[in-house]
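Notes to accompany the following structure.
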Amino acid sequence: MSPFPLFRLPFVPLCEVFHHFSLAEIVRLSLGSDRSRKNTRFVLGPTKSFKTSIAIKPFSSVSIKRETERFSVYVSEFPEENLDTVRIEGSVVPCKAEGHQNFITTYWKVGNDGIKEVTEHFCKLFNSKIHGLTVETESKSDDPKWVVDWIMSKQESLEICFFDGKHMKISLIRYFLDRCKVREGLGFCLKTCKKFSHDWPLDMKILFVDHGHWLKIHNLLALNCEFTFIGNSKYTCKNLNMFLKNWLNGGGPKIKYLRIQVKRFNLAAITKGIDGQPFPPQTARKWTGFKNTIHTFHGGFDIKRSDGIVGTVKRLVQTVNNVEEVGFIFLVGPLGEA
């Protein structure tokens with residue numbers, strides 16, 4: 001059915017109809033023509049419920065999310081076949097859409113242009129900034145700096161950023177960490193060489209580093225993220241002791257949860273020179289974590305800062321792929337009786 005009879009409805013009934021549309025229906029309607037896009041944007045009005053994200057991968061895409069709904073526009077090279085078309089930011093673009101799935105594939109002569117045009121379409125249509133960026137590289141020849149430069153030229157920061165891949169140049173890793181300003185969460189799953197190290201502000205809400213062998217003691221002492229997960233670290237009991245003493249002296253005031261995979265956990269060495277209160281393993285206590293989720297912990301060693309804030313040190317042992325992993329956990333905040 002043509003969208004134009006729909007837009008002839010009075011404004012209030014039209015808004016009611018849009019209220020029942022799925023995200024996929026709204027996006028597909030906006031891609032019909034310039035008139036459809038403008039009318040759709042007008043009906044939606046100002047809203048903060050939509051989030052636009054970019055994924056730079058072997059098959060790149062731009063996605064829009066509303067609560068549990070997601071619609072993606074994949075960007076590929078121009079094919080040699082007859083296809084339907086959609087209109088994106090004034091460009092008539094070949095596309096392939098199958099059934100009522102929550103994605104379409106668009107074809108561009110220059111893939112980078114496609115990412116930019118689709119992103120502009122979503123940001124204008126839904127009155128949103130770019131919320132997240134995912135970058136995955138397959139070879140050292142990949143150079144996705146352009147997308148970070150483009151995003152940072154449009155806005156001051158990103159909410160979420162995720163870097164992954166097997167082959168990324170050291171210079172490119174440093175560039176991403178320095179250039180990409182992240183407020184909410186950073187996921188770093190790149191494998192780096194043993195000699196790699198880097199200093200950058202560790203002051204976002206969530207930090208996830210899968211291969212953390214390259215993080216040094218100065219990174220740990222500079223840490224000020226609310227929730228941090230570090231895998232495969234080389235931190236020693238002495239390093240963890242330095243971290244706790246730094247926290248007792250006012251370092252990392254935003255820290256609420258820190259989990260580090262370590263080779264060895266010796267509570268006596270980790271808490272050397274620190275006064276505290278041990279709790280037996282059979283003592284269960286509750287702690288409020290991310291998004292007010294209630295967790296139950298057993299045992300632990302409590303330390304208290306001069307301002308009365310309590311931190312708890314715990315040992316974590318778990319088996320992953322038949323391999324036992326040891327973790328250092330540090331919780332900040334009151335632990336009530338379970």
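Just so we're aligned: the sequence shown equals residues 1 to 338 in UniProt numbering.
Where is the CB? At the ideal position from N, CA and C, for every residue including glycine.
Keep in mind it's a predicted model, so treat the numbers as computed, not measured.
* **Cβ separation of residue 345 and V147, assumed to be a contact under 8 Å, to the nearest whole Å** => Missing from the structure shown is residue 345; the chain here goes from 1 to 338 and no further.
* **Contacts around V209, its chain only, beta-carbon distance under 6 Å, and the 5 residues preceding and following it disregarded** => Translated into the one-based positions of the sequence shown, residue 209 becomes position 209. Here the set comprises F188, I230.
* Out of I217, P79, K205, V93, which has the shortest C-alpha to C-alpha gap to G185? -> The sequence position of residue 185 within the sequence shown is 185, counting from 1. Nearest C-alpha to G185: K205.
* So, R183 versus E156, is the Cβ gap smaller than 7 Å? -> Working through the sequence shown from its first residue, we reach residue 183 at position 183. Working through the sequence shown from its first residue, we reach residue 156 at position 156. No, the pair does not count as a contact, with Cβ atoms beyond the cut-off.
* Asked: From Q277, Q261, Y175, S128, pick the residue whose C-alpha is nearest to that of K197; which is it?
  -> Residue numbering aside, residue 197 sits at position 197 when the sequence shown is read from its first letter. The displayed chain sequence assigns Ser, not Lys, to residue 197. Of Q277, Q261, Y175, S128, the residue nearest in Cα terms is Y175.
* To do: Give me whichever residues DSSP pairs with C95 in a beta bridge.
  => Taking the first residue of the sequence shown as position 1, residue 95 is located at position 95. The partner list for C95 (beta bridge, DSSP) reads D84, T106.
* **DSSP state of C193 mapped onto helix, strand, coil** => Walking along the sequence shown from the start, residue 193 turns up at place 193. Reduced to three states, the DSSP call for C193 is coil.
* Asked: What runs of the beta strand (DSSP E), each 3 residues or longer, lie entirely inside the segment 144 to 176?
  -> 158 to 165
* Contacts around E192, its chain only, beta-carbon distance under 6 Å, and the 5 residues preceding and following it disregarded -> As a working note, residue 192 is residue 192 in the sequence shown. Glu is not the amino acid found at residue 192; the sequence shown has Thr there. So the qualifying residues of the chain are W214.
* Same chain, Cβ closer than 7 Å to I294, five either side skipped, listed in chain order -> Residue 294 sits at position 294 when you count from the first residue of the sequence shown. K286, T288, listed in sequence order.
* Asked: At what residues does the alpha helix (DSSP H) containing K314 begin and finish?
  -> Translated into the one-based positions of the sequence shown, residue 314 becomes position 314. No alpha helix (DSSP H) holds K314; the beta strand (DSSP E) holding it covers 310 to 320.
* Minimum C-alpha distance to F227 - residue among L248, G252, S153 -> Within the sequence shown, numbered from 1, the residue matching residue 227 stands at position 227. For F227, the nearest C-alpha among the options comes from G252.
* To do: Can you give me the Cβ contacts of F301 inside the same chain, cut-off strictly under 8 Å, excluding the 5 residues immediately before and after it?
  => Taking the sequence shown and counting its residues from 1, the one referred to as residue 301 is at position 301. Within the same chain, F301 has close Cβ partners L267, T271, G276, Q277, P278, F279, T312, V313, K314.
* **W214 (DSSP reduced to helix, strand or coil)** => Sequence index remark: in the sequence shown, residue 214 carries index 214 (1-based). In this structure, W214 counts as helix in the three-state DSSP scheme.
* To do: With distances taken Cα to Cα, identify the nearest neighbour of G111 among F78, E120, S91.
  => The residue given as residue 111 occupies position 111 in the sequence shown. The shortest C-alpha separation from G111 is found at F78.
* Ordered along the chain, which non-local residues of its own chain (more than five positions away) have a Cβ less than 8 Å from that of E138? -> In the sequence shown, residue 138 corresponds to position 138, counting from 1. Cβ neighbours of E138 beyond the five flanking positions: P58, G165, K166, H167.
* At what residues does the alpha helix (DSSP H) containing S30 begin and finish? -> On the sequence shown, residue 30 is found 30 positions in, with the first residue counted as 1. From DSSP, the alpha helix (DSSP H) with S30 extends over 23 to 30.
* Mind checking who L240 pairs with in its DSSP beta bridge? => Numbered from 1 along the sequence shown, position 240 holds the residue referred to as residue 240. Partner(s): none; L240 has no beta bridge.
* Between the Cα of K256 and the Cα atoms of T236, I329, Y235, which residue gives the shortest distance? -> Here residue 256 is taken as the residue at index 256 of the sequence shown, counted from 1. Nearest option by C-alpha distance: I329.
* With 16 other Cβ atoms within 10 Å as the buried cut-off, status of V332 -> Here residue 332 corresponds to residue number 332 of the sequence shown, with the count starting at 1. Per the 10 Å Cβ criterion, buried.
* For K304: DSSP bridge partner residues -> For the purposes of this step, residue 304 is taken as residue 304 along the sequence shown, with counting starting at 1. According to DSSP, K304 bridges with V310.
* Asked: So is S171 buried or exposed if we call it buried at 16+ other beta carbons inside 10 Å?
  -> What you label residue 171 is simply residue 171 of the sequence shown in a count that begins at 1. Per the 10 Å Cβ criterion, exposed.
* If you draw a straight line from the C-alpha of V320 to the C-alpha of Q261, how long is it? -> The residue given as residue 320 occupies position 320 in the sequence shown. The residue given as residue 261 occupies position 261 in the sequence shown. Roughly 12 Å between the two C-alpha positions.
* Starting from T40, follow the alpha helix (DSSP H) in both directions and report where the run begins and ends. => By 1-based counting over the sequence shown, the position of residue 40 is 40. Residues 34 to 44.
* Between the C-alpha atoms of S63 and I303, what's the straight-line distance to the nearest angstrom? -> In the sequence shown, residue 63 corresponds to position 63, counting from 1. In the sequence shown, residue 303 corresponds to position 303, counting from 1. Near 45 Å, if we compare the C-alpha coordinates of I303 and S63.
* Counting along the chain, where does the alpha helix (DSSP H) carrying E117 start and finish? -> Position 117 of the sequence shown holds residue 117. Start and end: 111 to 125.
* When the Cα atoms are used, what is the spatial distance from K154 to V317? -> Mapped onto the sequence shown, residue 154 falls at position 154. Mapped onto the sequence shown, residue 317 falls at position 317. Roughly 44 Å between the two C-alpha positions.
* Asked: Per DSSP, H198 is paired with what?
  -> Sequence index remark: in the sequence shown, residue 198 carries index 198 (1-based). H198 is not bridged to any residue.
* Burial state of K116, where buried means 16 or more other Cβ atoms lie within 10 Å -> Locating residue 116 in the sequence shown gives position 116, counting from the first residue. Counting Cβ neighbours within 10 Å, K116 comes out buried, since at least 16 surround it.
* Taking buried to mean at least 16 other C-beta atoms within 10 Å of its own C-beta, is V93 buried or exposed? -> Along the sequence shown, one-based indexing puts residue 93 at 93. With 16 or more Cβ atoms within 10 Å of its Cβ, V93 is classed as buried.
* If you run the structure through DSSP and keep just helix, strand and coil, what is I255? -> Mapped onto the sequence shown, residue 255 falls at position 255. Here I255 sits in coil by DSSP.
* Asked: Is the beta carbon of K291 within less than 6 Å of some heavy atom of the ligand ZN?
  -> Annotation note on the ligand ZN: not contained in the displayed structure, which lists no ligands.
* To do: Express the C-alpha separation of F71 and G27 in angstroms, rounding to a whole number.
  => As a first step, residue 27 is located in the sequence shown; it is residue number 27 there, counting from the start. As a first step, residue 71 is located in the sequence shown; it is residue number 71 there, counting from the start. The amino acid at residue 27 is misidentified as Gly; the sequence shows Val. The alpha-carbon atoms of V27 and F71 are separated by roughly 8 Å.
* Nearest neighbour of G299, chosen from M152, H211, Q282 [CA to CA] -> The sequence position of residue 299 within the sequence shown is 299, counting from 1. Comparing Cα positions, the closest option is Q282.
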